[in-house]
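Colleague:
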Amino acid sequence: MASQRGGAPTDRIRQAILLVRGQRVMLDADLAALYDVPTGALVQAVQRNLSRFPEDFMFRLTRDEAAALRSQSVISNARPGRGGRRYNPYAFTEQGVAMLSTVLRSRRAIEVNIAIMRTFVKLRQLLTSHEELGPKLAALENRYDVQFKVVFDAIRELMAPPVPGRRPIGFRPRRDKGNTDSRAKGLRSPRQPTLRLTRRAPDPGAG
444 MASQRGGAPT DRIRQAILLV RGQRVMLDAD LAALYDVPTG ALVQAVQRNL SRFPEDFMFR
504 LTRDEAAALR SQSVISNARP GRGGRRYNPY AFTEQGVAML STVLRSRRAI EVNIAIMRTF
564 VKLRQLLTSH EELGPKLAAL ENRYDVQFKV VFDAIRELMA PPVPGRRPIG FRPRRDKGNT
624 DSRAKGLRSP RQPTLRLTRR APDPGAG
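Here the working numbering runs 443 ahead of the position in the sequence shown, where the first position is 1.
(1) By the 10 Å Cβ neighbour count, where 16 or more other Cβ atoms means buried, how is arginine 545 classified, buried or exposed?
(2) Do you know how far the Cα of valine 480 is from the Cα of arginine 467?
(3) Taking DSSP as the reference, what is the three-state secondary structure of valine 468?
(4) At a threshold of 7 Å, does arginine 491 count as lining the ligand ATP (C-beta to nearest heavy atom)?
(5) Do you know how far the Cα of glutamate 498 is from the Cα of alanine 476?
(6) Skipping 5 residues on each side, what residues in its chain have a beta carbon closer than 8 Å to that of threonine 505?
(7) What separation, rounded to the nearest whole angstrom, lies between the Cα atoms of glutamine 538 and leucine 461?
(8) Would you tell me roughly how many angstroms separate the C-alpha atoms of valine 486 and aspartate 454, rounded to the nearest one?
(9) Look up tyrosine 478 in the DSSP assignment and say whether it is helix, strand or coil.
(10) According to DSSP, is valine 463 part of a helix, a strand, or is it coil?
(11) Taking 6 Å as the limit between beta carbons, can you name the residues of its chain near asparagine 556, skipping five residues before and five after?
(12) Please report the distance separating the alpha-carbon of phenylalanine 535 from that of phenylalanine 502.
(13) Note down, in chain order, each residue of its chain lying with its Cβ closer than 8 Å to the Cβ of phenylalanine 500, except the 5 sequence neighbours on either side.
(14) Helix, strand or coil for arginine 551 per DSSP?
(15) The beta strand (DSSP E) with arginine 503 in it runs from where to where?
(16) Could you check where the alpha helix (DSSP H) with arginine 513 kicks off and where it finishes?
(17) When you compare only the Cα positions, how much space is there between alanine 472 and glycine 483?
(18) Rounded to whole angstroms, what is the Cα-Cα separation between phenylalanine 496 and alanine 552?
(19) If you reduce the DSSP assignment to three classes, tell me which class phenylalanine 563 lands in.
(20) For the alpha helix (DSSP H) containing leucine 493, list its first residue and its last residue.
(21) With tyrosine 533 as the anchor, note down where its beta strand (DSSP E) starts and where it stops.
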């Protein structure tokens with residue numbers, strides 16, 4: 444499992460960051476497991492210092508939110524009184540996790556909090572890079588769409604049938620009306636001279 448210097452499990456940290464109410468948060472039980480303290484001890488420490496945890500630092504999940512997370516196996520399905528929880532979990536935002544370092548002063552808690560802060564920073568950087576990449580990809584798609592439209596329009600124009608009435612380009616032999624066989628016209632035999640027979644008058648001296 445990946446770790447960072449003090450042995451903080453960064454893979455577990457990434458998996459423990461959830462999206463609730465449009466915010467990236469971590470649940471009290473996951474934080475307690477990372478800090479290696481009982482969940483009840485973490486909650487009690489927070490309740491003794493509630494003034495340090497306003498609503499944008501920490502909030503309690505509603506019953507529906509907790510049920511949705513249980514359906515995703517994010518929260519244990521154990522029943523209250525059998526090792527399960529008697530209350531809905533607390534969710535800590537990035538600022539709330541940072542504030543926990545002022546409540547839990549153990550060396551382990553300090554190391555884990557440093558790793559958590561670094562993980563949140565990486566997530567923000569990743570999100571920012573994706574947000575910047577989106578418009579660039581859209582611009583590329585639009586630009587290439589226009590270019591390919593010109594190509595496709597040219598192809599369609601070449602494939603279209605010729606417009607009626609337009610004279611074709613190139614040499615075409617001239618045809619005479621009433622004669623569709625140009626070859627017969629070209630092979631007509633030359634005119635032969637006509638022989639005329641004339642009768643001579645009888646010679647009066649012949650006898």
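We put the beta carbon where it would ideally sit given N, CA and C, even for glycine. All of these numbers come straight from a predicted model, not from anything done at the bench.
Modeller: Considering the structure as presented:
(1) In the sequence shown, the residue the question calls residue 545 occupies position 102. Strictly speaking, residue 545 in this sequence is threonine, with arginine absent from that position. The residue is exposed, with fewer than 16 neighbouring Cβ atoms inside 10 Å.
(2) Start at 1 with the first residue of the sequence shown, and residue 467 comes out as number 24. Start at 1 with the first residue of the sequence shown, and residue 480 comes out as number 37. Computed Cα separation, rounded: 22 Å.
(3) Counting from one through the sequence shown, the residue named residue 468 turns up at place 25. Looking at valine 468 - three-state DSSP - the assignment turns out to be strand.
(4) Ligands in the displayed structure: none, and consequently the ligand ATP is not present.
(5) To locate residue 476, count along the sequence shown from 1; it is residue 33. To locate residue 498, count along the sequence shown from 1; it is residue 55. Using only the alpha carbons, I get a separation of about 23 Å.
(6) On the sequence shown, position 62 is the one that residue 505 refers to. Answer for threonine 505: Asn531, listed in chain order.
(7) In the sequence shown, the residue the question calls residue 538 occupies position 95. In the sequence shown, the residue the question calls residue 461 occupies position 18. When rounded, the distance between both Cα atoms is 15 Å.
(8) Here residue 486 refers to the residue found at position 43 when the sequence shown is read from its first residue. Here residue 454 refers to the residue found at position 11 when the sequence shown is read from its first residue. The alpha-carbon atoms of valine 486 and aspartate 454 are separated by roughly 24 Å.
(9) Looking up residue 478 in the sequence shown gives position 35. Reduced to three states, the DSSP call for tyrosine 478 is helix.
(10) For the purposes of this step, residue 463 is identified with residue 20 of the sequence shown, where counting begins at 1. Residue state, collapsed to three classes: strand.
(11) Position 113 of the sequence shown, counted from the first residue, corresponds to residue 556. Result list for asparagine 556: Ser544, in chain order.
(12) Position 92 of the sequence shown holds residue 535. Position 59 of the sequence shown holds residue 502. Answer to the nearest angstrom: the Cα atoms are 7 Å apart.
(13) Taking the first residue of the sequence shown as 1, we reach residue 500 at position 57. If we look at phenylalanine 500 and ignore the five residues flanking it on each side, its Cβ neighbours are Phe535, Thr536, Gln538, Gly539, Met542.
(14) Along the sequence shown, read from residue 1 onward, the residue named residue 551 stands at position 108. Residue state, collapsed to three classes: helix.
(15) Mapped onto the sequence shown, residue 503 falls at position 60. Element bounds for arginine 503: 501 to 503.
(16) Counting from 1 along the sequence shown, the entry for residue 513 is found at position 70. Start and end: 506 to 514.
(17) One-based indexing of the sequence shown puts residue 472 at position 29. One-based indexing of the sequence shown puts residue 483 at position 40. For alanine 472 and glycine 483, the distance between alpha carbons rounds to 9 Å.
(18) Residue mapping note: residue 496 aligns to position 53 of the sequence shown, counting from 1. Residue mapping note: residue 552 aligns to position 109 of the sequence shown, counting from 1. Looking at the two C-alpha atoms, the distance is approximately 17 Å.
(19) Position 120 of the sequence shown, counted from the first residue, corresponds to residue 563. Of the three classes helix, strand and coil, the one that applies to phenylalanine 563 here is helix, per DSSP.
(20) Working through the sequence shown from its first residue, we reach residue 493 at position 50. Segment: none, leucine 493 is in no alpha helix (DSSP H) and carries neither H nor E.
(21) Locating residue 533 in the sequence shown gives position 90, counting from the first residue. Where tyrosine 533 is concerned, the enclosing beta strand (DSSP E) stretches over 533 to 535.
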